Amino acid sequence: MSKPQPLKLEVWSDVACPWCWVGKRHLEAALDGFDGEVELHWRAFELNPSASRKPRTDVDYVDLLVRKYMVSRAQAQAMIDRMVEVGAKSGLDFRFDRVQP
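This is the structure:
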């Protein structure tokens with residue numbers, strides 16, 4: 087009998103995206119429970135290639151979300167709180183108070 091072929095995964099991810107980090111943790115957990123061989127290839131993908139390369143001092147992360155998604159400050163803060171909560175469940179410590187948009 088021939089050897090089983092490895093599971094080939096190609097993951098496109100943006101290192102600046104908190105949800106991509108959560109997805110990475112979930113993938114790692116899934117692969118820990120997988121008995122077969124895995125061939126994993128990471129690929130870079132910029133979700134916002136037009137983003138400034140220089141840190142902005144005129145806005146905080148909440149303001150950035152307000153402008154990007156056209157939501158209220160309360161809604162933007164709720165989005166951040168949700169990311170922090172989900173990240174913590176995945177063992178990640180998101181510090182959006184330190185982000186320089």
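End of the sequence shown sits at 187 in the numbering used here; the numbers just go up one at a time, nothing left out. Each residue gets a CB set at the ideal place from its N, CA and C atoms; glycine is no exception. Just so we're clear, the structure is a prediction, and the values are computed from it rather than from any experiment.
> By DSSP, does Glu114 sit in helix, in strand, or in coil?
Replying inline: The residue you call residue 114 lines up with position 28 of the sequence shown. Correct three-state label for Glu114: helix.
>> Judging by CA-CA distance, which residue of Pro90, Glu125, Met169 is the nearest neighbour of Glu96?
In response: Position 10 of the sequence shown, counted from the start, is the residue given in the question as residue 96. The option with the nearest alpha carbon to Glu96 is Glu125.
> For Leu150, does the three-state DSSP call read helix, strand or coil?
Replying inline: Locating residue 150 in the sequence shown gives position 64, counting from the first residue. Note: Leu150 maps to helix in three-state DSSP.
>> Please give the ranges of any beta strand (DSSP E) in the region 125-169, keeping only runs that are unbroken, at least 3 residues long and fully inside the region.
In response: none
>> Distance check for Lys89 and Val148, CA to CA, integer angstroms please.
In response: Along the sequence shown, one-based indexing puts residue 148 at 62. Along the sequence shown, one-based indexing puts residue 89 at 3. Approximately 52 Å between the Cα atoms of the pair.
> So Pro187 packs on Val152, CB below 8 Å; how close in whole Å?
Replying inline: Sequence index remark: in the sequence shown, residue 187 carries index 101 (1-based). Sequence index remark: in the sequence shown, residue 152 carries index 66 (1-based). Pro187 to Val152, Cβ: 11 Å. No contact.
> Going by the beta-carbon positions, is the gap between Arg142 and Trp98 smaller than 9 Å?
Replying inline: Locating residue 142 in the sequence shown gives position 56, counting from the first residue. Locating residue 98 in the sequence shown gives position 12, counting from the first residue. The answer is no: Cβ separation not under 9 Å.
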